[in-house]
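Take a look at the structure set out below.
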Amino acid sequence: MLQCDRFRGAMSFHTPFAAACADFMARATDLPAASFAVDAPPRREMGDFAVGCFAAAKAQGKNPAVVAAEIVAKFAPTDLLASATAAGPFVNFQLQRGPVFAYCVERAAAGTLLPQPGADQTICIDYSSPNISKHLAFHHIRSTVIGHALAQIFRGLGYRVIGINHLGDWGTTHGMLIAAFKKWGAPEPIDVTALNALYVRFRDEMKTNPDLENEGRAWFKKLEDGDAEARALWQKFRDVSWAEFETVYAMLGIKFDEIRGESAYEPDMPRVMAELRDKGMVTESQGAQVVELDGEKTPMLLVTKDGTTLYATRDIAAAQYRWNTYHFARSLYVVDRGQALHFRQLWKALAKAGYAWSSKCEHVPFGLVRIGGKKTSTRGGNVVLLKDVFNEASDEIAERIQASVQNNDRTSEVTDIAGTAQKVGIGAVMFANLMSQREKDVDFDWEKVMATDGDSGVYLQYAHARCASILRKAGSDGHANADLSKLTQPGEWALARRILDYGDMAVRAGNNCEPHVICHYLLELAGDFSRFYTAGNGDATLRVLCEDGHTRAARLALTEATKTVLAHGMALLGLQAVEAV
RNA sequence: GUGCCCAUAGCUCAGUUGGAUAGAGCAACUGCCUUCUAAGCAGUAGGUCGCAGGUUCGAUUCCUGCUGGGCACGCCA
40 MLQCDRFRGA MSFHTPFAAA CADFMARATD LPAASFAVDA PPRREMGDFA VGCFAAAKAQ
100 GKNPAVVAAE IVAKFAPTDL LASATAAGPF VNFQLQRGPV FAYCVERAAA GTLLPQPGAD
160 QTICIDYSSP NISKHLAFHH IRSTVIGHAL AQIFRGLGYR VIGINHLGDW GTTHGMLIAA
220 FKKWGAPEPI DVTALNALYV RFRDEMKTNP DLENEGRAWF KKLEDGDAEA RALWQKFRDV
280 SWAEFETVYA MLGIKFDEIR GESAYEPDMP RVMAELRDKG MVTESQGAQV VELDGEKTPM
340 LLVTKDGTTL YATRDIAAAQ YRWNTYHFAR SLYVVDRGQA LHFRQLWKAL AKAGYAWSSK
400 CEHVPFGLVR IGGKKTSTRG GNVVLLKDVF NEASDEIAER IQASVQNNDR TSEVTDIAGT
460 AQKVGIGAVM FANLMSQREK DVDFDWEKVM ATDGDSGVYL QYAHARCASI LRKAGSDGHA
520 NADLSKLTQP GEWALARRIL DYGDMAVRAG NNCEPHVICH YLLELAGDFS RFYTAGNGDA
580 TLRVLCEDGH TRAARLALTE ATKTVLAHGM ALLGLQAVEA V
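Here it is in structure tokens:
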């Protein structure tokens, strides 16, 4: 499938091979190695790595192509580099293949595929963070899946990650819900559907009966003042909601390190307000208490005219708590782009309060989910429940497994169809949501969600299952200490060269908070494997399980490494690889 | 009105500190199962990178303006 080299801009400095290219350039030019960006050339046949000579040419006042030719003239093969050729202003390197095969196989076997830039550093990631008393709907998938992927990526890179579910469990909304419940009640046992219905009805009747809004506000005031009845109802709603959320998180395999809603910061409100007042930041505006910020047309509201706090106030307390508790290197908030203004103001307010660590806080925004071209809204009724999508996807995959077995007249190697279908189906939905850039808006479309061919999570699972199948069929045929010099086919080299990039892709995904980098990388790796595999369809000598024992062992080692990287990469995205489909 | 984001093939998207001939998937068309899993592989076709300027040896990429779309702009979160 994917066969372009999409990540030409990616530097591979952490591998000794890319470093060797830069070192050679440095020696040949007397410039520091760091001044050379090591890239991949646009096409495979041109070389394994490429370095442009633009900066060097400028430093010497010469034509880049001339400089490239001069540099190449100084090249002599080394343990890692086989050749260097000038192509216009570029120097293209071919690697010594044996060491690359060995590097990939050893790293995969040892489980040391990723560099560890995160050692001794903590990253807080606030993600998913749904409002209680509402269902987890399809649009929650974005924060949940992107946040989880980032958590997995940073864990892979050696960071200590604190995944935080900052539940929306405080605020006027919850006062309205209590008011609605007091007014109309709900059948026992109460569930999220009933709570959501109460809220929708309340908002609806509020349009014609403005008194309701005041009732809702009054109940929130009581809640914030510690009224026993209000607290008991709120606690009940929260428990019911969490019970439902937990079943969906279990489907996704997500466990949070901290489940701490907005309500947890309610006791801190007086202290936060006192602190900001002491710093002279708080002013009054139309009955509310606000902070004026440089470059902002509107101030940030801290306390309403009713005397209740707002989410900005609680976010200040939460940010302080996270810093004081974790001393994070980065504190990420995976929240939709619509809240960009809120976060911009929050960082400014924290900076104004003198917290140097405010610069470590980042909003990681993502685009909207639309259904039928419209923004989803619980109140508007155009919601699709997340669990329904997952169940539908799992059912669809289960059917596909059966159909595949029939169509190909083979016996299934799947031992647990239901379990496999769930991993593949849910994984496919997750993958589809991670594949494009975060900030793009996405349209919900059943057909797109269920797509099982082409660039999809299913394609990765299929490639992984093929690796697993081959290794199963190899049985006791060992491939430890295989003679990797037997790997001479172009398809084998393509695989190894791709595996070499894995660590860089993870680093880049982490730096930019862009899981889609991993998605596209894995599609390419799976594509390389599929071509490697298919070469054996017409020619038995090209199969992994070929006649020659030494070649077979070497190919098995490469297959094992590929399988390991596929599974590892899928895990970074929150997907669980299956052994058969 | 102000601010932020987006615009690449019929559709959905990659292309990320400016670099070599702009690439995939879907849809269309053509091949490949005497099969290490055809949920796959190979191929054909499909582009004035929204428009106009600017910077540069070089711009899909950076800057300005314009057009079109999205989102956000005080007591919800």
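Heads up: the first sequence begins at 40 in my numbering, then just goes up one per residue. Every residue, glycine too, gets a C-beta built ideally from N, C-alpha and C.
Under DSSP, the alpha helix (DSSP H) around residue i begins and ends at which residues?
i	result
M320	It is not in any alpha helix (DSSP H) - M320 carries neither H nor E in the DSSP assignment.
T573	555-577
N446	425-446
A219	211-223
E497	Per the sequence presented here, residue 497 reads as Val, with Glu not at that position. Where V497 is concerned, the enclosing alpha helix (DSSP H) stretches over 496-513.
L153	It is not in any alpha helix (DSSP H) - L153 carries neither H nor E in the DSSP assignment.
T598	588-611
L539	529-539
R256	250-263
L389	379-391
E109	103-112
M85	Unbroken run through M85: none, as it is neither H nor E.
R66	55-68
Which first and last residues belong to the beta strand (DSSP E) in which residue i is found?
i	result
F367	Run containing F367: none; DSSP gives neither H nor E here.
G91	88-91
L175	Per DSSP, L175 belongs to no beta strand (DSSP E) and is neither H nor E.
V130	129-134
V330	327-330
L234	From DSSP, L234 is part of no beta strand (DSSP E) but of the alpha helix (DSSP H) over 231-245.
A457	Where A457 is concerned, there is no enclosing beta strand (DSSP E), although the alpha helix (DSSP H) it sits in stretches over 456-473.
A123	120-126
According to DSSP, residue i sits in a beta bridge with which residue or residues?
i	result
T348	V342
F276	In the DSSP output, where bridge partners are listed per residue, F276 has none listed.
D482	R409
N170	G207
D165	I203, Y372
P404	V374
E297	I203
V77	V90
Between the Cα of residue i and those of the options, spot the shortest distance and give me the residue it belongs to.
i	options	result
L349	G207, R591, M489	G207
E323	Y304, P309, G137, G346	G346
G493	D434, G300, G549, L562	L562
E431	K391, V488, F470, W396	V488
G377	L584, D480, P128, V111	D480
K344	L196, Q328, E335	Q328
L332	K387, A282, V342	K387
T590	K173, D118, I465, K525	K525
R316	E305, V330, Y304	V330
A600	A535, N550, D543	A535
Q222	P228, A89, Y360, L251	The amino acid at residue 222 is misidentified as Gln; the sequence shows Lys. Out of P228, A89, Y360, L251, L251 has the C-alpha closest to the C-alpha of K222.
F405	A504, A121, T454, S182	S182
Q390	D278, I410, K318, A379	One detail in the question is off: residue 390 reads as Ala in this sequence, not Gln. Checking every option, the nearest Cα to that of A390 belongs to K318.
Q648	V231, A467, A490, A579	Because the chain is modelled from 40 through 620, residue 648 falls outside the range shown and cannot be assessed.
To the nearest angstrom, how far is the alpha carbon of residue i from that of residue j?
i	j	result
T211	V373	23 angstroms
I164	E401	10 angstroms
V556	F193	14 angstroms
M50	K246	Confidence at M50 is low in this model, with a pLDDT of 48, below 50, so the placement of that residue should be treated as unreliable; the coordinate-derived value is given next. Their backbone Cα atoms lie some 57 angstroms apart in a straight line.
Y498	A565	7 angstroms
E553	R547	8 angstroms
L70	P138	27 angstroms
M40	Y560	Reliability of the predicted coordinates at M40 is poor, the pLDDT of 46 falling under 50, and no value is obtained from them.
L510	S398	49 angstroms
K336	A351	17 angstroms
A95	C60	14 angstroms
F114	V408	53 angstroms
E305	V321	19 angstroms
Under 8 angstroms Cβ to Cβ from residue i, same chain only, skipping five residues before and after it: list those, please.
i	result
T161	Y198, R199, V200, I201, Y365, H366, F367, A368
A233	A225, P226
G624	This structure leaves residue 624 out entirely; the chain is present only between 40 and 620.
Once you ignore the five residues that flank residue i on each side, which residues in its own chain have a CB closer than 6 angstroms to its CB?
i	result
I298	N204
Q42	For Q42, the predicted model reports a pLDDT of 40, less than 50, meaning its position is unreliable; a value from the coordinates is still stated below. Closer than 6 angstroms at the Cβ level, and outside the excluded window around Q42, lie G566.
A592	H518, A521
L385	D354
A112	none
A356	Y304, D307, V311
Identify, in the order they occur along the chain, each residue of the same chain with its Cβ nearer than 7 angstroms to the Cβ of residue i, setting aside the five sequence neighbours on each side.
i	result
A269	I217, W258, K261, L262
A596	V144, H518, A521, L523
L272	I217, F220
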